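To start, the structure under review is shown below, and the notes come after it.
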Amino acid sequence: MKTADAFGHSDDQQHYDVLVVGGGMVGATIACGLGQQGIRVAVFDHAEPSPLPADALPELRVSALSTASEAILRQLGAWPHMQSMRMTPYRRMAVWEKLHSPFGKTIDSRANRVLFDARQISHSQLGFIVENRVTQSGLLEAIKSCPSVSFFCPVNIQKIHTPSASPMIELSDGRRFSGDLLVGADGADSRVRQSAGLAMEQRDYEQQCLVATVEIAGGCQDITWQAFTPTGPEAFLPLPDINGKSYGSIVWYHHPERIRQLLALSSEAFIEALETTFPSELPEIIQLHQRGAFPIARRHVTEYFRQGVVLAGDAAHTINPLAGQGVNLGLQDAAWLIEILVDALRAGETPGSTEVLARYEKARRSENALMMNTMDAFYHTFSNQSKPLQFLRNLGLTVAGKLSPAVNQVMKYAMGLSGKQPRLATGKKYKFKIAAGD
Ligand SMILES: Cc1cc2nc3c(=O)[nH]c(=O)nc-3n(C[C@H](O)[C@H](O)[C@H](O)COP(=O)(O)OP(=O)(O)OC[C@H]3O[C@@H](n4cnc5c(N)ncnc54)[C@H](O)[C@@H]3O)c2cc1C
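What follows is the structure, encoded as C-alpha cells:
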C-alpha cells in the first residue's frame with residue numbers, strides 16, 4: 006500500500022528499522038537523532054502538532070531545559086528553529102523555605118536563601134524556560150531534512166504487537182508497519198508499555214501542581230525561584246516578552262482539595278490569592294491568561310525493555326516536577342538510546358535484541374532513579390513540619406548558601422553537566438553515517 010506521511014514524503018515502505026510511538030519531545034528527539042544517521046524511522050502520533058504563531062500567548066506547558074538538553078537539541082539542529090520562535094534564558098535561581106512566625110505571619114528571611122548564579126561557574130545562563138510546543142516544533146523542523154524519517158499523524162493505533170523480534174503496528178485505517186525495534190515514547194499513560202506488559206512502580210504524592218500563565222509588570226525576568234512551604238513549593242518561571250508585554254509561569258503545589266478551590270476562583274480572586282500567598286518576590290500580576298492542574302506521581306518501570314520493544318521519557322518514568330527535570334531526563338534517555346542503537350547497527354547487531362537494549366537500561370536506570378530519589382528527599386524534607394527538622398533544613402540552606410563549592414556542584418548537577426554524558430550532549434560528532442538502504 007502507498008504510504009504518505011505528514012511531511013508529504015510518500016513511499017511504499019512498510020518495514021522500518023525503528024518504529025517510534027509518540028512524536029512528543031522525547032520521541033521526536035529519538036527519530037531525529039536516528040534519522041540523521043540514515044536509519045529508517047517511522048514515527049506515529051495521535052495528535053497533530055499545531056503551529057505556534059509568533060504573537061500567540063505563552064503556552065501553559067513549559068519546561069526548564071538544562072545546558073545538557075540544550076547541547077542535545079543544538080547537535081540535532083533543532084535549537085536554531087526553537088530560538089527563531091522563542092525561549093527565555095534564566096541566569097539565576099533562588100531556593101528558600103518560607104518561614105512563619107508563631108503569630109502566623111511570613112518572615113521575610115534572606116539568611117536561609119540559596120542563590121545559584123550562572124556567573125559563578127562562568128556560564129551565561131543556568132538554562133532556558135521553553136514552551137513544550139516550541140521544543141517539539143523545533144525538532145519536527147529538524148526532522149523534515151531527514152529523508153529516512155516518516156511522520157504519521159494524526160493516526161489511531163489499533164494494535165501494537167510486542168514483545169516480538171519483529172514488532173508491528175496496525176492503524177485503524179488498515180495500514181500495518183513492522184520494524185526491528187519499537188520505541189514507546191508515548192508519555193506517562195504509555196500504551197506501548199501496557200502492550201509490552203512492562204510493569205511499573207507508582208507512588209502518588211499528597212500534592213497536586215497548578216500551573217498558571219500570567220502577564221506581569223516590570224519586564225522579562227532573568228530569575229526563577231522556588232519557596233518551599235509545608236503544603237508544597239510556590240514557584241515562578243520567567244517567560245518571554247511578546248508584543249511588548251511580559252509573562253511568567255506560576256507553579257503552585259498544594260493538596261488536591263485546595264487546588265480544586267483555586268481552579269474554581271474567578272481570575273480576579275485567583276490573582277488576589279496569589280498576591281496574598283506567594284512570596285514578595287512575585288512580580289505585580291496584570292492579568293491571568295491560563296491555568297491548569299496536573300497530578301504528580303513518581304513512576305518507574307521495573308524493566309525498560311523486552312525483546313523488540315523499549316521505553317523512553319515519561320513512558321518509562323515520571324518524576325516530581327519540583328526541580329523541572331522530567332524532560333531533561335527524557336532527552337538523556339533519547340540521546341543514550343540513539344548512541345547505543347547507532348553503535349549496535351554499526352557493529353552489525355540487531356537493534357531490538359535484549360543484549361543491545363540492556364546497555365540502554367544500564368545507562369539510564371540508575372541515573373533516572375538518582376534524580377527521582379533526590380526529588381523525593383526534597384519533597385519529604387520540606388513537607389515535614391517537625392520543628393527540629395525545620396531548624397536543621399534551614400541551617401542546611403543557610404550554610405549551603407555560604408559554601409560556593411557546594412552551590413557550584415548542585416548547579417552543575419541541575420544543568421546536567423556532571424556524570425557521564427552521551428556523545429550528543431558533549432557536542433562530539435558521530436564518526437560515521439549508516440548509508441541509507443544498508
Ligand atoms: C506540571 C508539570 C510541570 C513540568 N515541568 C517540567 C520542567 O520544568 N522541566 C522538565 O524537564 N519537565 C517538566 N515536566 C515534565 C515534562 O513535561 C515531561 O517529562 C515531558 O513532557 C515528557 O516528554 P515525553 O515526550 O516523554 O512525553 P509527552 O510530552 O507526554 O509526549 C508523548 C507523545 O506521545 C503521543 N501519544 C500518546 N499516546 C499515544 C498513542 N496511543 N498513539 C499515538 N501517539 C500517542 C502524544 O500525543 C505526545 O505527542 C513537567 C510535568 C508536569 C506535569
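Be aware that the sequence shown starts at 6, since it is given in this note's numbering, and climbs by one per residue.
All C-beta atoms, glycine included, are put in the ideal place defined by N, C-alpha and C.
Note that the structure is predicted; figures quoted are calculated from it, not measured.
query                                                                                                                      : result
Residue from T323, F310 and G43 whose Cα sits closest to the Cα of A193                                                    : T323
One or two residues paired with C37 in a DSSP bridge                                                                       : For C37, which the question treats as bridged, DSSP gives no partner whatsoever.
Closest Cα partner of A302 within the set E280, D319, G179 and P288                                                        : D319
Pairwise C-alpha distance: D122 and I290                                                                                   : 25 Å
C-alpha gap between R45 and Q295, whole angstroms                                                                          : 40 Å
6 Å CB neighbourhood of R91 in its chain, flanking five on each side removed                                               : P245
Beta carbon of Q141 nearer than 8 Å to that of P94                                                                         : no
At least 3 beta-carbon pairs within less than 8 Å: the region 58–69 vs the region 238–255                                  : yes
C-beta atoms of A99 and R124 nearer than 8 Å                                                                               : no
Boundaries (first-last residue) of the alpha helix (DSSP H) holding P85                                                    : W84 to M90
At least three beta-carbon pairs within less than 8 Å, the region 273–285 to the region 171–185                            : no
Any non-hydrogen atom of ligand 1 closer than 7 Å to P245 Cβ                                                               : no
Cα-Cα separation, Q213 to T234                                                                                             : 14 Å
Beta-carbon contacts of A201 that lie in its chain and below 6 Å, excluding the five residues immediately before and after : T167, P168, R311 and V314
Backbone CA spacing between A368 and L346 [nearest angstrom]                                                               : 13 Å
Other residues of its chain near S272: CB distance less than 7 Å, five sequence neighbours each side excluded              : L293
Length-filtered (3 minimum) beta strand (DSSP E) runs lying within the region 218–261                                      : 228–233, 239–247 and 250–259
Closer than 7 Å: P326 CB and nearest ligand 1 heavy atom                                                                   : yes
Opening and closing residue of the beta strand (DSSP E) in which D122 lies                                                 : V119 to D122
Which of helix, strand or coil DSSP assigns to R208                                                                        : strand
Extent of the continuous beta strand (DSSP E) to which G49 belongs                                                         : Contrary to the premise, residue 49 reads as Phe rather than Gly in this sequence. Unbroken beta strand (DSSP E) run through F49: V46 to F49.
Assigned secondary structure, D338 (DSSP; H/G/I helix, E/B strand, else coil)                                              : helix
G424 classed as buried or exposed, judged by whether at least 16 other C-beta atoms fall within 10 angstroms               : exposed
Burial state of H260 (16 or more Cβ within 10 Å)                                                                           : exposed
Cβ-based neighbour list, L145, same chain, cut-off 8 Å, excluding 5 preceding and 5 following                              : G28, A33, P54 and F156
Cβ-based burial, T307 [other Cβ within 10 Å; buried from 16]                                                               : exposed
L327 vs P243 beta-carbon contact at 8 Å                                                                                    : no
Within 8 Å, strictly: CB atoms of L429 and I77                                                                             : yes
Cut-off 7 Å between Cβ atoms - residues of its own chain near A147, not counting five sequence neighbours on either side   : C37, L81, G82, A83 and H86
Spatially closest choice to R265 from L279, S254, Y210 and L215, by CA coordinates                                         : L215
Helix, strand or coil at E75 [DSSP, three-state]                                                                           : helix
Sheet register partners of G297 (DSSP bridge)                                                                              : V216
G132 in three-state terms, based on DSSP                                                                                   : strand
Q41 beta carbon near ligand 1 (any heavy atom closer than 7 Å)                                                             : no
Proximity below 8 Å, CB of D50 to CB of C158                                                                               : yes
M30 Cβ short of 7 Å to ligand 1 heavy atom set                                                                             : yes
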